[in-house]
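Quick notes on the structure that follows.
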Amino acid sequence: MSNSRIKLSLYINYFVFAILLNSVGILIQKSINTYKVDELTASSLEAFKDLSIAFVSFLVGSFLPRLGYKKGMLLALALVFAGCLGMYWGNSFTSVRILFACVGISFAVVKISVYSLIGLITSNDKEHKSLLCSIESFFMIGIATGFIVI
952 MSNSRIKLSL YINYFVFAIL LNSVGILIQK SINTYKVDEL TASSLEAFKD LSIAFVSFLV
1012 GSFLPRLGYK KGMLLALALV FAGCLGMYWG NSFTSVRILF ACVGISFAVV KISVYSLIGL
1072 ITSNDKEHKS LLCSIESFFM IGIATGFIVI
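Written as structure tokens, this is what we have:
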């Protein structure tokens, strides 16, 4: 795969996860209205997202290079897909919790893969800094887009 196609996949992955990760506030409100849970229970969605990111980031760092970054990202996207299907079929607050745990786990894998691949596909320090900054900037565009789309 050429470097330009790899870079495109990194941008797209980060963009998708920016939308998913930052939809939690909207889904907290929708959970209160739809599933009739109280605010404290609904706010636990933040923990499902954030704690899964922290836990998996800690564990997967040494394992991911052996699995492969591409396989890791594909498995992460498959996990989010499974979480979305579970949300569709489950249609409960528990399904929303599971979805955000899947999103958090997957983002941790994608984040580590993206950062590692940036180091592998860039040839010098300037290019590395430039790509890293532009991908992080694209994450912010994904956040803004998420508020428009959702």
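Here the numbering used here is used: the first residue of the sequence shown is 952, the next is one more, and so on. Don't be surprised by glycine CBs; every beta carbon is placed ideally from N, CA and C. As the structure is a computational prediction, the values presented were derived from the model and not from experiment.
Closest in C-alpha terms to residue 1019, from the list 1061, 1083, 1086, comes 1061.
Shown here for residue 971: same chain residues with a beta carbon closer than 6 Å to its own, the five before and five after excluded, namely 1054 in chain order. In the DSSP annotation of this structure, the continuous segment of the alpha helix (DSSP H) that includes residue 954 starts and ends at 954-972.
With a contact defined as Cβ atoms closer than 8 Å, residue 979 and residue 996 qualify at about 6 Å. Under the 10 Å beta carbon count, residue 1005 is surrounded by fewer than 16 other beta carbons and is classified as exposed.
If you draw a 10 Å sphere on the C-beta of residue 1034, you find 16 or more other C-beta atoms in it, and that means buried. A straight-line Cα-Cα distance of about 37 Å links residue 1075 and residue 1100.
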